[in-house]
Amino acid sequence: MFLIYGGGELILKGYTDASFQSNDDDAKSQSGFVFKLNGGMVAWKSSKPDTTTDSTTEAAKEAVWMKNYIQELGVVPSIAEPVVIFCDNNWAIAQAKKPRSHHLFKHILRRYHLLTGMVSRGDCRMDRVSLAENTADPLTKPMSQVSRTQYLDKIDLRSMGDCL
544 MFLIYGGGEL ILKGYTDASF QSNDDDAKSQ SGFVFKLNGG MVAWKSSKPD TTTDSTTEAA
604 KEAVWMKNYI QELGVVPSIA EPVVIFCDNN WAIAQAKKPR SHHLFKHILR RYHLLTGMVS
664 RGDCRMDRVS LAENTADPLT KPMSQVSRTQ YLDKIDLRSM GDCL
């Protein structure tokens, strides 16, 4: 298996997803993110964070790191724009764009302010993506063989035999 990178404009895109208490064994949530550059995956992570809000913040931190790294290389002119992070959670997007204070958020305030700061500075931008188009979704849930094959096509991961 190897990744295929297509032509066209070099644009960094991120996808993030979380599933609340998806593991029956330990009642923990699962989260993940995927970043694609020029159509191919360049970074991904799947983990069991303490809170589900961590997934979006972790994706934003990764976006800022990759943006700074690519800017240092000086090869991608479009990297001056905010990195778009796609998410299928309307509440997370709304919170990142327009923060609200609430007593239920006390346990996540530090990470929450980090994310809203990155969005307000223009480092990254949160946009809505449908569940079916969220490239990070399979990192948080089990999938069937058919779904797995479709996912491999979506992330441009091919068997060597398919390309020879």
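Each number in my numbering comes from the position in the sequence shown (counting from 1) with 543 added on. Where is the CB? At the ideal position from N, CA and C, for every residue including glycine. Note that the structure is a prediction, hence the values are computed from the model and not measured.
request  = Give the straight-line distance between the Cα atoms of arginine 664 and alanine 675, rounded to the nearest whole angstrom.
outcome  = Along the sequence shown, one-based indexing puts residue 664 at 121. Along the sequence shown, one-based indexing puts residue 675 at 132. Computed Cα separation, rounded: 30 Å.
task = Inspect the beta-carbon positions of leucine 555 and alanine 637 and report whether they are closer than 9 Å.
result = Counting from 1 along the sequence shown, the entry for residue 555 is found at position 12. Counting from 1 along the sequence shown, the entry for residue 637 is found at position 94. Against a cut-off of 9 Å, the Cβ pair of alanine 637 and leucine 555 comes out as no contact.
Sequence-distant residues of the same chain with beta carbon closer than 8 Å to aspartate 666, five excluded per side = In the sequence shown, counting from the first residue as 1, residue 666 sits at position 123. Ala603, Ala606, Val607, Lys610, Pro625 and Val626, listed in sequence order.
Arginine 671 - partner residues in DSSP beta bridges = Indexing the sequence shown from 1 puts residue 671 at position 128. Arginine 671 is bridged to Cys630.
key: Identity of the residue in Gly583, Phe629 and Trp634 nearest alanine 679 by Cα   = Here residue 679 refers to the residue found at position 136 of the sequence shown. Of the candidates Gly583, Phe629 and Trp634, the one whose C-alpha sits nearest the C-alpha of alanine 679 is Phe629.
ask   = For valine 689, does the count of other Cβ atoms within 10 angstroms reach 16, so buried, or fall short, so exposed?
value = Here residue 689 refers to the residue found at position 146 of the sequence shown. That one is exposed.
message = Please report the distance separating the alpha-carbon of alanine 635 from that of phenylalanine 578.
response = Sequence index remark: in the sequence shown, residue 635 carries index 92 (1-based). Sequence index remark: in the sequence shown, residue 578 carries index 35 (1-based). Taking the straight line joining both Cα atoms gives about 18 Å.
message = Considering Cα atoms alone, identify which of Ala586, Leu553 and Gly557 is closest to glycine 617.
response = For the purposes of this step, residue 617 is taken as the residue at position 74 of the sequence shown. Ranking Ala586, Leu553 and Gly557 by Cα distance to glycine 617 puts Leu553 first.
request  = Give me the Cα-Cα distance between glycine 575 and glycine 582, rounded to the nearest whole angstrom.
outcome  = Numbered from 1 along the sequence shown, position 32 holds the residue referred to as residue 575. Numbered from 1 along the sequence shown, position 39 holds the residue referred to as residue 582. So the two alpha carbons sit approximately 18 Å from each other.
task = Select from Arg671, Met686, Lys684 and Leu695 the residue whose C-alpha is nearest the C-alpha of glycine 557.
result = Along the sequence shown, read from residue 1 onward, the residue named residue 557 stands at position 14. The shortest C-alpha separation from glycine 557 is found at Arg671.
Residue burial classification, asparagine 632 (beta-carbon count within 10 angstroms, cutoff 16) = Here residue 632 corresponds to residue number 89 of the sequence shown, with the count starting at 1. Looking at its Cβ environment, which holds 16 or more other Cβ atoms inside 10 Å, asparagine 632 is buried.
message = Please tell me whether methionine 584 and leucine 700 are closer than 9 Å, where the distance is taken between their beta carbons.
response = Indexing the sequence shown from 1 puts residue 584 at position 41. Indexing the sequence shown from 1 puts residue 700 at position 157. It is a contact, given that the beta carbons lie within the stated cut-off.
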